[in-house]
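So the structure is just underneath, and the comments pick up after that.
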Amino acid sequence: LERQIKWFDGDKENNVDKVCRQINQQLEEFKNENQDYSKAFIRYIEFDCKYLKLLSQLSIPPRNSSPKTYVDLSEEEIQKLNSCLNDSESTEAILSHNYRYLVSCYIDYLRVYDPDNKLNEGTQWMLNEVKVADYIPGALLREFIIGENLKNLCFNYHRNPELSDLINKYSGNRREAVLKEFNQWKDYTEQKFTEADFAEVEYPVLSGKDIDGNTVTLNDFKGQWVYIDIWATWCAPCKKEFPYLDQLKKNLKDYNIAFIGFSLDKEKDREKWKAMVKEMNLGGTQLHNPEWSSADSQFGITGVPHFAIINPDGKLMFNRAPRPSTGITERLLKAMAGKKR
């Protein structure tokens, strides 16, 4: 369906309506010409059209595009997202890509704002990835959401025993799929990395040069909580996090938190880094340290972006912290750091 729609050319909603009318017409012709057809397949197509239409009415970007965690939604739009839950027991709806995308947008909203206070405090973020499904009335969709959330944790946290406990306790009929994801990342890291790659120094020491060439160290930020983003200009996932990170900084401007970006670009690319910092209007403190081994020895970096949280005493409290785009980070930092006095 989406291949037939030019999302950003003309009236998106009218384009969607036109395509959906064509699809419905084709469905009617198909049913008239065939006596033996799958009613479940017809329902699936109908759900896909229904939720494609709904997607066209909301200020949510197409899949795999811009951030959705912090998209400003009106009360009317939130209610429209909430209406998706009416089909939360339908297998055919859950099979629809458009339906699942809309539900994932709603889960992102609920994870950040928790309007009915169903979640625990932010420090219990991993358990909250299960509890956010309490907003879903249908058992079928609720189990799907829990399974997907647990699968998404497997890459970074398969070494965390809490994740294993949550998988065993809550994954239900999705347990086999979640364990497959868990074991794939476990096998991958065992083949690719040694224990040294995952080492983390309790009081990390790291420095870098700012835009003006001044040397800045982590010790300069003692007395504040520090959220570190280790990135590079050549890293597409790093750049994808920038809009989320920018909104996170705005939302937490009243909290005692310093946001520090460490670029690991090579020395020859320093000007490229400086240009990107200015072009992307990156806030917080932006530093350049071309020595990958220096950051790796402190944080056990297996790839970028890499996030970490340091307490006001300079102790590493959370290595491989969740990315800003997950929505987890805001509640986690709020729970750990107090507001500025």
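Residues 675 to 1015 (this note's numbering) are what the sequence shown spells out, left to right.
For each residue, glycine too, the CB sits at the ideal point set by N, CA and C.
Owing to the predicted nature of the structure, the values given are computational and were not obtained by experimental measurement.
Excluding the 5 residues preceding and the 5 following residue i in the sequence, name in chain order all residues of the same chain whose CB lies nearer than 7 Å to its CB.
i      : result
Ile768 : Arg774, Leu814, Leu815, Phe818
Gly988 : Tyr877, Leu892, Asn893, Lys896
Pro811 : Leu759, Ser762
Is it right to say residue i is buried, meaning 16 or more other beta carbons lie within 10 angstroms of its own, or is it exposed?
i       : result
Gly977  : exposed
Asp939  : buried
Arg994  : buried
Pro1019 : Look at the range of the chain in this structure, 675 to 1015, and you will see that residue 1019 is not part of it.
Phe715  : exposed
Asp683  : Note that Asp683 scores 49 on pLDDT, short of 50, meaning its location in the model is unreliable and no value can be drawn from it.
Arg1051 : In the structure displayed, the chain extends from 675 to 1015; residue 1051 sits before or after that span and is not available.
Gly821  : buried
Val1019 : This structure does not reach residue 1019, given that the chain is present from 675 up to 1015, and the question cannot be answered.
Tyr844  : buried
Asn802  : buried
Trp908  : exposed
Tyr718  : buried
Tyr711  : exposed
Asp782  : buried
Phe704  : exposed
Lys1013 : exposed
Lys927  : exposed
Glu795  : exposed
By DSSP, does residue i sit in helix, in strand, or in coil?
i       : result
Gln709  : coil
Thr765  : helix
His962  : strand
Lys1013 : strand
Leu824  : helix
Ile975  : coil
Ile841  : helix
Leu990  : strand
Between the Cα of residue i and those of the options, spot the shortest distance and give me the residue it belongs to.
i      : options                           : result
Glu749 : Glu763, Ser762, Lys948, Ser733    : Ser733
Leu784 : Leu1007, Met1010, Met991, Ile1002 : Ile1002
Asp790 : Thr797, Leu776, Val806            : Val806
Gln654 : Ile904, Tyr809, Leu793            : Given a span of 675 to 1015 for the chain in the structure shown, any question on residue 654 remains unanswerable.
Trp966 : Pro986, Phe936, Lys946            : Phe936
Asp884 : Gln696, Phe704, Lys952            : Lys952
Cys828 : Asn847, Tyr809, Pro986, Ala851    : Ala851
Glu766 : Ile984, Lys724, Ile781, Phe867    : Lys724
Phe981 : Ala906, Gly796, Leu776            : Ala906
Lys942 : Tyr929, Gly957, Pro964, Asn930    : Pro964
Taking 6 Å as the limit between beta carbons, can you name the residues of its chain near residue i, skipping five residues before and five after?
i      : result
Asn830 : Arg994
Met954 : Phe916
Gln960 : Gly935, Val951
Glu945 : none
Lys825 : Val852, Glu855
Can you list, in chain order, the residues of its chain with a C-beta nearer than 8 Å to that of residue i? Leave out the 5 residues immediately preceding and following it.
i      : result
Asp722 : Leu675, Ser770, His771, Asn772, Tyr773
Phe867 : Thr976
Does the beta carbon of residue i come closer than 7 Å to any beta carbon on chain D?
i      : result
Asn888 : Given the protein chain composition of this structure (a single chain), no chain D is represented.
Is residue i near the ligand NAD, judged by its Cβ being under 6 Å from some heavy atom?
i      : result
Cys758 : Summarising the ligand content, the structure contains no ligands, and the ligand NAD is consequently not present.
Counting pairs of beta carbons, one from the region 911-922 and one from the region 997-1010, are three or more of them closer than 8 Å? A contact exists between the region 911-922 and the region 997-1010.
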